[in-house]
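*Asks:* Residue numbers (this note's numbering), protein chains in the order written: chain A, 18 to 226; chain B, 106 to 387.
Dumping the structure here so I can ask a few things about it.
And the structure:
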């Protein structure tokens with residue numbers, strides 16, 4: 018009987034959700050460091066999301082609590098020269114609104130997640146060179162509803178319980194050029210909840226890096 | 106799901122000469138125009154998918170995934186993590202919410218969660234599904250760290266399920282008369298186990314709450330399900346994730362490295378800590 022319980026448990030460990038649980042537990046273990054270093058946790062998170070969900074790229078940005086400026090902090094899967102450009106960019110909290118005049122146009126997937134399509138957000142030549150990972154893939158045709166184009170991306174916001182912006186997770190489609198399936202988006206939203214907890218527990222005196 | 110964008114016939118006519126569909130001779134083409142075959146071929150030709158369809162598809166897929174059991178669990182765990190945003194964070198409240206969530210979500214008969222007290226002894230902090238008179242006795246008990254080892258002479262005998270979880274079977278751990286008051290439904294004790302999945306009244310599982318140095322911070326104690334079965338392996342995995350969440354909360358509280366350190370030590374609604382007679386069986 019005891020052996021049966023153990024064998025069943027070992028069987029469940031190979032389940033996809035079970036493997037994800039290990040990853041989340043590992044991120045939560047980052048809270049036990051003294052002091053908690055948020056940049057370490059978000060670096061682990063970005064690597065984990067990139068690897069686990071087989072996405073082309075993932076970036077995580079944070080909002081500076083002092084001046085309110087939002088910048089990308091960590092990445093996985095970006096070309097180094099593109100990342101150099103991306104991390105110089107700054108955003109304001111208002112830039113994350115769903116529809117802002119003269120700004121990106123997004124489609125709402127959930128309270129936390131929105132999709133930015135290439136068709137909605139045509140890029141200038143300069144942008145294509147600087148911030149697109151594979152510029153030669155631009156302007157391809159979307160052949161099916163689940164296909165992603167090179168300039169498509171998804172943002173999952175990292176919010177406090179008062180819906181205040183702490184940061185965001187930005188990611189592409191999968192390496193097979195498909196949108197991540199809905200459960201992947203749900204898991205990434207859960208990671209956003211873990212990161213929100215990590216950012217909230219950090220001492221404001223502790224440096225980010 | 107694959108979608109083809111269907112244009113109007115006039116639209117298709119404009120594009121037909123440039124289409125990549127099978128080439129036709131000029132004569133055939135004229136005839137085809139007359140009977141609309143080219144238009145039909147063009148309809149079969151894949152073109153860019155409408156962006157609104159893409160956005161709607163993503164939203165609809167997401168909404169469908171939200172009703173999934175796993176998705177509901179994600180919401181529950183995210184709600185618990187939101188407690189980290191409160192300053193100060195009240196760990197006792199989080200522990201209580203975790204106990205209620207686990208009992209409700211996985212349909213367990215009861216759940217109790219204990220943690221290490223400042224005096225180094227371990228006490229139950231919160232429960233869900235335990236009779237009040239049983240809880241009064243359980244919450245007064247104390248344990249030492251050593252008593253959580255799988256085998257302690259004169260104490261409980263456990264079998265390891267995983268690094269964090271062990272099972273305590275009624276057969277391995279016969280209870281004395283005085284322990285009956287600590288059992289939720291003593292009338293059901295000594296019933297027969299008919300199948301491997303059946304849980305008896307005196308069976309329970311413990312999932313440890315450890316820090317990154319494998320030091321014991323607390324534990325989650327839980328029964329079988331309301332249908333008298335052992336928690337299934339995925340339930341145990343989710344309880345182990347809860348132990349990671351609680352481990353993070355307790356460490357955050359202990360760290361002194363964050364704002365949550367100004368912890369409100371709630372007095373009055375925690376368990377009665379008067380009984381320090383460690384060593385009595387759980």
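Note that beta-carbon positions come from the ideal geometry of N, C-alpha and C, so glycine has one too.
#1: Report the residue from B/264, B/334, B/249 whose alpha carbon sits nearest the alpha carbon of residue 297 of chain B.
#2: Would you decide whether residue 200 of chain B is buried or exposed? Buried here means 16 or more other CB atoms lie within 10 Å of its CB.
#3: For the alpha helix (DSSP H) containing residue 207 of chain A, list its first residue and its last residue.
#4: Taking the straight line between their C-alpha atoms, what separation do you get for residue 290 of chain B and residue 242 of chain B?
#5: What does the alpha-carbon distance come out to for the pair residue 131 of chain A and residue 123 of chain A?
#6: Taking 7 Å as the CB-CB limit, is residue 203 of chain B close to chain A?
#7: Could you spell out the range, first to last residue, of the beta strand (DSSP E) harbouring residue 230 of chain B?
#8: Short check: CB of residue 183 of chain A to CB of residue 171 of chain A, under 7 Å?
#9: Let me know if residue 127 of chain B comes out buried or exposed under the rule of 16 or more other beta-carbons within 10 Å of its beta-carbon.
#10: Do residue 115 of chain A and residue 156 of chain B have their C-beta atoms within less than 7 Å of each other?
#11: Given a limit of 8 Å on CB to CB distance, which residues of the region 330-346 of chain B reach chain A?
#12: Hey, how far is the Cα of residue 230 of chain B from the Cα of residue 161 of chain B?
#13: Looking at chain A, which residues of the region 267-278 of chain B have a Cβ within less than 8 Å of any of its Cβ atoms?
#14: How about residue 234 of chain B and residue 323 of chain B: do their beta carbons lie closer than 7 Å?
#15: Could you check whether residue 74 of chain A and residue 201 of chain A sit closer than 7 Å to each other, using their CB atoms as the reference points?
#16: Tell me which same chain residues have a C-beta within less than 6 Å of the C-beta of residue 173 of chain A, skipping the five on either side of it?
#17: Reducing DSSP to helix, strand and coil, say where residue 54 of chain A ends up.
#18: How about residue 89 of chain B and residue 327 of chain B: are their beta carbons less than 7 Å apart?
#19: Quick check: residue 190 of chain B and residue 217 of chain A, are their CB atoms within less than 7 Å of each other?
#20: Quick one: is residue 121 of chain A near chain B, going by C-beta distance under 7 Å?
#21: Would you give the residue range spanned by the alpha helix (DSSP H) that residue 79 of chain A belongs to?
#22: Assign residue 37 of chain A to one of two classes, buried (16 or more other C-beta atoms within 10 Å of its C-beta) or exposed (fewer than that).
#23: Can you give me the start and stop residues for the beta strand (DSSP E) that residue 184 of chain A sits inside?
#24: Taking the Cβ atom as the reference point for each residue, do residue 63 of chain A and residue 102 of chain A lie within a distance shorter than 7 Å?
#25: Measure how close the beta-carbons of residue 307 of chain B and residue 288 of chain B come, nearest whole angstrom, since I'm counting them as under 8 Å.
#26: Between the beta-carbon of residue 72 of chain A and the beta-carbon of residue 177 of chain A, is there less than 7 Å?
#27: From which residue to which residue does the alpha helix (DSSP H) around residue 343 of chain B run?
#28: Could you check the C-alpha separation between residue 286 of chain B and residue 240 of chain B for me, to the nearest Å?
#29: List the residues of chain B whose Cβ lies closer than 7 Å to the Cβ of residue 57 of chain A, in chain order.
#30: Would you say residue 349 of chain B faces chain A, with C-beta separation under 7 Å as the test?
#31: Measure the C-alpha to C-alpha separation of residue 275 of chain B and residue 193 of chain B and round it to an integer number of angstroms.
#32: Per DSSP, which one or two residues make a beta bridge with residue 89 of chain A?
#33: Of all the options A/91, A/109, A/23, A/195, which has the alpha carbon lying nearest to the alpha carbon of residue 164 of chain A?
#34: Measuring alpha carbon to alpha carbon, tell me which of A/42, A/155, A/85 ends up nearest residue 350 of chain B.
#35: If we ignore side chains and look at the alpha-carbon of each, how far apart do residue 23 of chain A and residue 342 of chain B end up?
#36: In three-state DSSP terms, what is residue 133 of chain A?
*Replies:* Quick answer:
#1: By one-based count along the second chain, residue 297 of chain B stands at place 192. Closest by alpha carbon: B/334.
#2: Translated into the one-based positions of the second chain, residue 200 of chain B becomes position 95. Result: buried.
#3: Here residue 207 of chain A corresponds to residue number 190 of the first chain, with the count starting at 1. Residue 207 of chain A -> alpha helix (DSSP H) spans 199-218.
#4: Taking the second chain and counting its residues from 1, one reaches residue 290 of chain B at position 185. Taking the second chain and counting its residues from 1, one reaches residue 242 of chain B at position 137. When rounded, the distance between both Cα atoms is 14 Å.
#5: Position 114 of the first chain, counted from the first residue, corresponds to residue 131 of chain A. Position 106 of the first chain, counted from the first residue, corresponds to residue 123 of chain A. Take the alpha-carbon of residue 131 of chain A and the one of residue 123 of chain A: they are about 6 Å apart.
#6: If you number the second chain from 1, residue 203 of chain B lands on position 98. Not closer than 7 Å to any Cβ of chain A, the Cβ of residue 203 of chain B fails to qualify, so no.
#7: Taking the first residue of the second chain as 1, we reach residue 230 of chain B at position 125. Secondary structure note for residue 230 of chain B: its beta strand (DSSP E) is the uninterrupted segment 227-233.
#8: Position 166 of the first chain, counted from the start, is the residue given in the question as residue 183 of chain A. Position 154 of the first chain, counted from the start, is the residue given in the question as residue 171 of chain A. No, they are not a contact pair.
#9: Along the second chain, read from residue 1 onward, the residue named residue 127 of chain B stands at position 22. For residue 127 of chain B, the predicted model reports a pLDDT of 35, less than 50, meaning its position is unreliable; a value from the coordinates is still stated below. Burial is judged here by how many other beta carbons sit within 10 angstroms of a residue's own beta carbon; residue 127 of chain B has fewer than 16 and is exposed.
#10: Reading the first chain from its first residue, position 98 is the one you call residue 115 of chain A. Reading the second chain from its first residue, position 51 is the one you call residue 156 of chain B. The answer is no: Cβ separation not under 7 Å.
#11: 335, 337, 338, 339, 341, 342, 343, 345, 346
#12: By 1-based counting over the second chain, the position of residue 230 of chain B is 125. By 1-based counting over the second chain, the position of residue 161 of chain B is 56. Rounded to the nearest angstrom, the two C-alpha atoms are 46 Å apart.
#13: When CB distances to chain A are screened at a threshold of 8 Å, the residues of the region 267-278 of chain B falling below it are 267, 270, 272, 274, in chain order.
#14: Against the second chain, residue 234 of chain B aligns to sequence position 129. Against the second chain, residue 323 of chain B aligns to sequence position 218. No, they are not a contact pair.
#15: Counting from 1 along the first chain, the entry for residue 201 of chain A is found at position 184. Counting from 1 along the first chain, the entry for residue 74 of chain A is found at position 57. No, the pair does not count as a contact, with Cβ atoms beyond the cut-off.
#16: The residue given as residue 173 of chain A occupies position 156 in the first chain. Cβ neighbours of residue 173 of chain A beyond the five flanking positions: 129, 130, 186, 205, 206, 209.
#17: As a first step, residue 54 of chain A is located in the first chain; it is residue number 37 there, counting from the start. Coil at residue 54 of chain A, not helix or strand.
#18: An answer regarding residue 89 of chain B cannot be provided, because it is not within the stretch 106 to 387 covered by chain B.
#19: Numbered from its first residue, the second chain carries residue 190 of chain B at position 85. Numbered from its first residue, the first chain carries residue 217 of chain A at position 200. Yes; because the gap between Cβ atoms is below 7 Å, this pair is in contact.
#20: For this step, residue 121 of chain A is matched to residue 104 along the first chain. Output row for residue 121 of chain A: interface = no.
#21: Reading the first chain from its first residue, position 62 is the one you call residue 79 of chain A. Premise fails: residue 79 of chain A lies in the beta strand (DSSP E), 75-80, not in any alpha helix (DSSP H).
#22: As a first step, residue 37 of chain A must be located in the first chain, where it is residue number 20. Residue 37 of chain A is buried by the Cβ-count criterion.
#23: As a working note, residue 184 of chain A is residue 167 in the first chain. Residues 182-188.
#24: Locating residue 63 of chain A in the first chain gives position 46, counting from the first residue. Locating residue 102 of chain A in the first chain gives position 85, counting from the first residue. Not a contact, by the Cβ cut-off of 7 Å.
#25: Residue 307 of chain B sits at position 202 when you count from the first residue of the second chain. Residue 288 of chain B sits at position 183 when you count from the first residue of the second chain. Their Cβ separation, rounded to whole angstroms, is 7 Å, which keeps residue 307 of chain B and residue 288 of chain B in contact under 8 Å.
#26: Here residue 72 of chain A corresponds to residue number 55 of the first chain, with the count starting at 1. Here residue 177 of chain A corresponds to residue number 160 of the first chain, with the count starting at 1. No. Outside cutoff.
#27: As a working note, residue 343 of chain B is residue 238 in the second chain. Residue 343 of chain B -> alpha helix (DSSP H) spans 338-360.
#28: By 1-based counting over the second chain, the position of residue 286 of chain B is 181. By 1-based counting over the second chain, the position of residue 240 of chain B is 135. Residue 286 of chain B and residue 240 of chain B have their C-alpha atoms some 10 Å from each other.
#29: As a position in the first chain, residue 57 of chain A is number 40, starting the count at 1. What residue 57 of chain A touches in chain B: nothing, since even the nearest Cβ is about 13 Å away.
#30: In the second chain, the residue the question calls residue 349 of chain B occupies position 244. Residue contact with chain A for residue 349 of chain B: present (Cβ-Cβ distance below 7 Å to some residue of chain A).
#31: Looking up residue 275 of chain B in the second chain gives position 170. Looking up residue 193 of chain B in the second chain gives position 88. So the two alpha carbons sit approximately 41 Å from each other.
#32: Within the first chain, residue 89 of chain A is the residue found at index 72, counting from 1. DSSP output for residue 89 of chain A lists A/78 as bridge partner(s).
#33: Numbered from its first residue, the first chain carries residue 164 of chain A at position 147. Each of A/91, A/109, A/23, A/195 was checked against the Cα of residue 164 of chain A, and the nearest Cα belongs to A/195.
#34: Against the second chain, residue 350 of chain B aligns to sequence position 245. Out of A/42, A/155, A/85, A/42 has the C-alpha closest to the C-alpha of residue 350 of chain B.
#35: One-based indexing of the first chain puts residue 23 of chain A at position 6. One-based indexing of the second chain puts residue 342 of chain B at position 237. About 12 Å.
#36: Reading the first chain from its first residue, position 116 is the one you call residue 133 of chain A. Here residue 133 of chain A sits in strand by DSSP.
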